[in-house]
Amino acid sequence: MTATDTIKAYFDAFNAKDTEAMLELLAPDIAHHVNEGQIRSGKTKFAEFCAHMSHCYDEHLTDMVIFEAEGGTRAAAEFTVNGTYLRTDAGLPEAKGQTYRLPAGSFFSLEGGKITRVVTYYNLADWIRQVS
Numbered sequence: 006m007t008a009t010d011t012i013k014a015y016f017d018a019f020n021a022k023d024t025e026a027m028l029e030l031l032a033p034d035i036a037h038h039v040n041e042g043q044i045r046s047g048k049t050k051f052a053e054f055c056a057h058m059s060h061c062y063d064e065h066l067t068d069m070v071i072f073e074a075e076g077g078t079r080a081a082a083e084f085t086v087n088g089t090y091l092r093t094d095a096g097l098p099e100a101k102g103q104t105y106r107l108p109a110g111s112f113f114s115l116e117g118g119k120i121t122r123v124v125t126y127y128n129l130a131d132w133i134r135q136v137s
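By this note's numbering, the letter at position 96 of the sequence shown is numbered 101, and the numbering carries on one by one without gaps.
Here is the structure:
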């Protein structure tokens, strides 16, 4: 499986809301760099983050473009996040079922066919404007 195949499978699992399938693609010591947040290490922390996000947000990614660096150890993706804000997340505006649409991107490191690092970026100020 190429890096592009792995990243495509990761995002396909995300869109299918299949956290277990996402976890299968991750290295045990995954470093998850969350936008505006702390680095979470390991699959357990990643799964906890996914559970929290699923509780507060319903998101589907579209307009996916995946880039792979020569050698297959790094990749990136650009996409659009289409979401609904379901439940109020601590420190953020009150959730009332607002919808939002944001450009976003992720960067990946891969080793031995597994994702070892995920970094995701989006414009938080734009999201806040859309849900406020």
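Glycine included, every Cβ here is placed at the ideal spot set by N, Cα and C.
With DSSP collapsed to three states, give me the class of residue i.
{"i": "ALA82", "result": "strand"}
{"i": "VAL39", "result": "coil"}
{"i": "THR93", "result": "coil"}
{"i": "LEU31", "result": "strand"}
{"i": "THR24", "result": "helix"}
{"i": "LYS119", "result": "strand"}
{"i": "SER137", "result": "coil"}
{"i": "THR7", "result": "coil"}
Going by beta-carbon coordinates alone, are residue i and residue j separated by less than 8 Å?
{"i": "TYR127", "j": "ALA109", "result": "yes"}
{"i": "HIS37", "j": "PHE54", "result": "yes"}
{"i": "LYS48", "j": "LEU30", "result": "no"}
{"i": "ARG106", "j": "HIS60", "result": "no"}
{"i": "ILE120", "j": "PRO98", "result": "no"}
{"i": "THR78", "j": "GLU116", "result": "yes"}
Assuming residue i and residue j make a contact with CB atoms under 8 Å, what is their CB distance in whole Å?
{"i": "MET6", "j": "PHE19", "result": "At roughly 17 Å, the Cβ-Cβ gap does not stay under 8 Å, so MET6 and PHE19 are not in contact."}
{"i": "THR67", "j": "THR89", "result": "That pair is no contact at about 14 Å."}
{"i": "ILE71", "j": "ILE35", "result": "Their Cβ separation, rounded to whole angstroms, is 18 Å, which puts ILE71 and ILE35 out of contact at 8 Å."}
{"i": "GLU73", "j": "ALA130", "result": "That belief does not hold up - the Cβ atoms of GLU73 and ALA130 are roughly 30 Å apart, past 8 Å."}
Might you give, ordered along the chain, the residues of its own chain that have their beta carbon closer than 6 Å to the beta carbon of residue i, omitting 5 neighbours on each side?
{"i": "THR125", "result": "ASN40 and SER111"}
{"i": "GLN135", "result": "TYR105"}
Could you give the first and the last residue of the continuous beta strand (DSSP E) run that contains residue i?
{"i": "THR104", "result": "104-116"}
Can you tell me where the alpha helix (DSSP H) holding residue i begins and where it ends?
{"i": "ASP68", "result": "Premise fails: ASP68 lies in the beta strand (DSSP E), 62-73, not in any alpha helix (DSSP H)."}
For residue i, which residues of its own chain have a beta-carbon under 7 Å away from its beta-carbon, when the five flanking residues on both sides are left out?
{"i": "MET69", "result": "PHE16, ALA82 and PHE84"}
{"i": "SER114", "result": "THR78, ARG79, THR121 and ARG122"}
{"i": "SER137", "result": "PRO98"}
{"i": "ASP63", "result": "GLY88, THR89 and LEU91"}
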